[in-house]
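Visitor: Going by my numbering, the first residue of the sequence shown is number 27, and it counts up by one from there.
All residues carry an ideal CB built from backbone N, CA and C; glycine is no exception.
All figures in this text were calculated on a predicted structure; none of them were measured in a lab.
Sharing a structure below in structure tokens format, with a few things to ask.
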Amino acid sequence: MSAPATDLPLSRKQLRSVARATARINVWHGAVRSGKTVASLLALLLAIAEAPPSGLIIICGRSLQTIERNCLEPLSDPALFGPVAGQVRHTRGATTAVILGRTVHLIGAADSRAEGRLRGLTAYLAYVDEATLIPEPFWVQLLARLSVDGARVLATTNPDSPRHWLKVGYLDRAAELDLRAWHFGLHDNPSLPPAYVRSLNAEYVGLWRKRMIDGAWVIAEGSIYDCWDEQQHVVDELPPMVRYWLGVDYGTSNAFAAILLGLGEDGRLYACAEWRYDSRQKRRQMTDAQYSAALRGWLAGLGVDPEWTFVDPSAASFLAQLWEDGHPGVARAKNEVVDGIRSTSTALAAGLLLVHRSCEGLRAELPGYVWDPAATAAGEDRPLKVADHSCDALRYVVHSTAAEWRHLVPDLLVEEVSPDAAS
27 MSAPATDLPL
37 SRKQLRSVAR
47 ATARINVWHG
57 AVRSGKTVAS
67 LLALLLAIAE
77 APPSGLIIIC
87 GRSLQTIERN
97 CLEPLSDPAL
107 FGPVAGQVRH
117 TRGATTAVIL
127 GRTVHLIGAA
137 DSRAEGRLRG
147 LTAYLAYVDE
157 ATLIPEPFWV
167 QLLARLSVDG
177 ARVLATTNPD
187 SPRHWLKVGY
197 LDRAAELDLR
207 AWHFGLHDNP
217 SLPPAYVRSL
227 NAEYVGLWRK
237 RMIDGAWVIA
247 EGSIYDCWDE
257 QQHVVDELPP
267 MVRYWLGVDY
277 GTSNAFAAIL
287 LGLGEDGRLY
297 ACAEWRYDSR
307 QKRRQMTDAQ
317 YSAALRGWLA
327 GLGVDPEWTF
337 VDPSAASFLA
347 QLWEDGHPGV
357 ARAKNEVVDG
367 IRSTSTALAA
377 GLLLVHRSCE
387 GLRAELPGYV
397 WDPAATAAGE
407 DRPLKVADHS
417 CDALRYVVHS
427 TAAEWRHLVP
437 DLLVEEVSPD
447 AAS
């Protein structure tokens, strides 16, 4: 059977990868929006159409929600897959879907415990979305379940650390294994408008530019916010603010930090003010009720009522205290650490995020906020957990409000990207 039709123009590399995805392990990796997902989903449709009637088919991802967003929604889009999209049926939240008349099982793999969901299965075909984000034991167990003749896995991923288990244990050993891999760059996706490519080039900086734009497997090392510059990012005066949000990193034996983020009339974000309490320095711990009262008193003194207060999601008792005290707009912060760091890096590098000089704790922490070398050696991206409380509070509020400010990334930064860099 030929590959199902798509209304998008396809590059030669995309078509070649679809036709040759017949190894036991097939991996599409590279830059964000480089066309690897469309190619892999085309290969999935072709594989489902050719699967034997008794062959079990599964789609795996970080969570059921990411499977729905990254796999099922594109497959259901007529603009991407034409008439075939009408043969994809799924009820949101259900753990199965019907694709080309075949039942497909959906399995989320947020942690190593997800491995148990695979035990006892014998599968013919598996598709893995963002393979670097699933635990290695799950991947190993998945391969063990693909035990029938002709069974294979199709997987996509953005690059990660060159010491990541997928790179070291599989991609680097392609010659030894029944594995085919295709590396994609932005130029491999002919459907991207030039203006969008320039925007992508502007939005990713540092480590993420190398991974998401260049498609390189590079180490996270050194300073996390390598673009931080006191002279460029610290201000003595604030413009009038039109919106406020608050980020809180809860601590009892460690420091408690709160960062007030404002959106100025000038269209920029400002870390306007900071409240910190370090029980080790004060030699006295505060209760949740005392923290709540102190925080609300500090905000009242500033004359500020933030729209939302984003709190460290692990601080269950403090969240409950704020709710009990009637603090408005309390929410669990988005705590995807690396994604939060990326959002903050984008805002800093774009000149969108500035810090008021009064935020002394934050200013002291930012230059020393570094990647953990032990985690890097193990193939993981993780900050060193030293003097990071104000940095965490900033990350919570910036990342949790990303949908409110991403469109404000200055056009000037986009225009500075040369056509050669965007190609």
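Straight-line CA distance for Glu406 to Met267?
Guide: On the sequence shown, position 380 is the one that residue 406 refers to. On the sequence shown, position 241 is the one that residue 267 refers to. Cα to Cα, Glu406 sits roughly 38 angstroms from Met267.
Visitor: What whole-angstrom Cβ distance do Val24 and Thr335 have, given they're in contact under 8 angstroms?
Guide: With the chain covering only 27 through 449, there is no way to say anything about residue 24.
Visitor: Just checking, does the segment 144-155 make contact with the segment 68-84 on the three C-beta pairs under 8 angstroms criterion?
Guide: As far as the Cβ criterion goes, the segment 144-155 touches the segment 68-84, which means the pair count is three or higher.
Visitor: To test your reading of the DSSP string, which unbroken alpha helix (DSSP H) runs of 4 or more residues are found completely within the segment 307-371?
Guide: Complete alpha helix (DSSP H) runs here, min 4: 314-328 and 342-350.
Visitor: Residues in the same chain with beta-carbon distance under 7 angstroms from Gly61, minus the five sequence neighbours each way, listed in chain order, please.
Guide: Here residue 61 corresponds to residue number 35 of the sequence shown, with the count starting at 1. Correct list, in chain order: Ser37, Gln40, Phe210, Asp214 and Asn215.
Visitor: May I ask which residues mark the beginning and end of the alpha helix (DSSP H) holding Val53?
Guide: Here residue 53 corresponds to residue number 27 of the sequence shown, with the count starting at 1. Note, Val53: premise wrong, no alpha helix (DSSP H); beta strand (DSSP E) at Ile51 to Gly56.
Visitor: State the Cα-Cα distance for the pair Ala207 and Pro78, rounded to the nearest angstrom.
Guide: For this step, residue 207 is matched to residue 181 along the sequence shown. For this step, residue 78 is matched to residue 52 along the sequence shown. Looking at the two C-alpha atoms, the distance is approximately 25 angstroms.
Visitor: Pull up the distance between the alpha-carbon of Val174 and that of Arg143, whole angstroms please.
Guide: Locating residue 174 in the sequence shown gives position 148, where the first residue counts as 1. Locating residue 143 in the sequence shown gives position 117, where the first residue counts as 1. Cα to Cα, the separation comes out at about 19 angstroms.
Visitor: For Val363 and Ser187, what's the separation of their Cα atoms in angstroms?
Guide: Reading the sequence shown from its first residue, position 337 is the one you call residue 363. Reading the sequence shown from its first residue, position 161 is the one you call residue 187. Distance between the alpha carbons of Val363 and Ser187 is about 15 angstroms.
Visitor: Would you kindly work out how many angstroms separate the C-alpha atoms of Pro219 and Gly387, rounded to a whole number?
Guide: The residue given as residue 219 occupies position 193 in the sequence shown. The residue given as residue 387 occupies position 361 in the sequence shown. Rounded to whole angstroms, Pro219 to Gly387 spans 43 angstroms at the Cα level.
Visitor: One question on the structure: do Ala299 and Cys417 come within less than 8 angstroms of each other, judged by their Cβ atoms?
Guide: As a position in the sequence shown, residue 299 is number 273, starting the count at 1. As a position in the sequence shown, residue 417 is number 391, starting the count at 1. No.
Visitor: Taking 8 angstroms as the threshold (C-beta atoms), are Ala401 and Arg476 in contact?
Guide: Outside the displayed range of the chain (27 to 449) lies residue 476, so it cannot be described from this structure.
Visitor: Please name the residue or residues paired with Glu300 in a DSSP beta bridge.
Guide: Residue numbering aside, residue 300 sits at position 274 when the sequence shown is read from its first letter. In the DSSP output, where bridge partners are listed per residue, Glu300 has Ile285.
Visitor: Run the CB neighbour count on Asp338, radius 10 Å, all protein chains shown included, and call it buried at 16 or more, exposed below.
Guide: Here residue 338 is taken as the residue at index 312 of the sequence shown, counted from 1. Buried is the call here.
Visitor: Is His116 near Leu98, with beta carbons less than 8 angstroms apart?
Guide: Against the sequence shown, residue 116 aligns to sequence position 90. Against the sequence shown, residue 98 aligns to sequence position 72. With contacts defined as CB atoms closer than 8 angstroms, His116 and Leu98 qualify as a contacting pair.
Visitor: If I measure Cβ to Cβ from Tyr196 and keep anything under 7 angstroms in the same chain, skipping five residues before and after, which residues do I get?
Guide: To locate residue 196, count along the sequence shown from 1; it is residue 170. Answer for Tyr196: Ile51, Leu203 and Leu205, listed in chain order.
Visitor: Using CA atoms only, rank isn't needed, just tell me which of Arg432, Pro332 and Glu256 is closest to Glu391.
Guide: Position 365 of the sequence shown holds residue 391. When only C-alpha atoms are compared, the closest one is Glu256.
Visitor: Determine the direct distance from the alpha carbon of Pro393 to that of Ser249, and round the result to whole angstroms.
Guide: Within the sequence shown, residue 249 is the residue found at index 223, counting from 1. Within the sequence shown, residue 393 is the residue found at index 367, counting from 1. Between the alpha carbons of Ser249 and Pro393 lies a distance of about 7 angstroms.
Visitor: Assuming Pro332 contacts Tyr270 (C-beta within less than 8 angstroms), just tell me the rounded distance between them.
Guide: For the purposes of this step, residue 332 is identified with residue 306 of the sequence shown, where counting begins at 1. For the purposes of this step, residue 270 is identified with residue 244 of the sequence shown, where counting begins at 1. Contact flag correct, Cβ pair sits at about 4 angstroms.
Visitor: Which residue's Cα is closest to the Cα of Tyr251: Thr183, Asp414, Ala47 and Pro35?
Guide: On the sequence shown, position 225 is the one that residue 251 refers to. The shortest Cα separation from Tyr251 among Thr183, Asp414, Ala47 and Pro35 belongs to Asp414.
Visitor: For Ala73 and Ala123, I'd like the C-alpha separation in whole angstroms.
Guide: Taking the first residue of the sequence shown as position 1, residue 73 is located at position 47. Taking the first residue of the sequence shown as position 1, residue 123 is located at position 97. If you take the alpha carbons of Ala73 and Ala123, they lie about 16 angstroms apart.
Visitor: Can you name the residues that DSSP bridges to Leu272?
Guide: One-based indexing of the sequence shown puts residue 272 at position 246. DSSP, once it has assigned bridges, lists Leu286 and Thr335 as partnering Leu272.
Visitor: Give the DSSP bridge partners of Pro409, in chain order.
Guide: Position 383 of the sequence shown holds residue 409. Answer is Trp397, bridged to Pro409.
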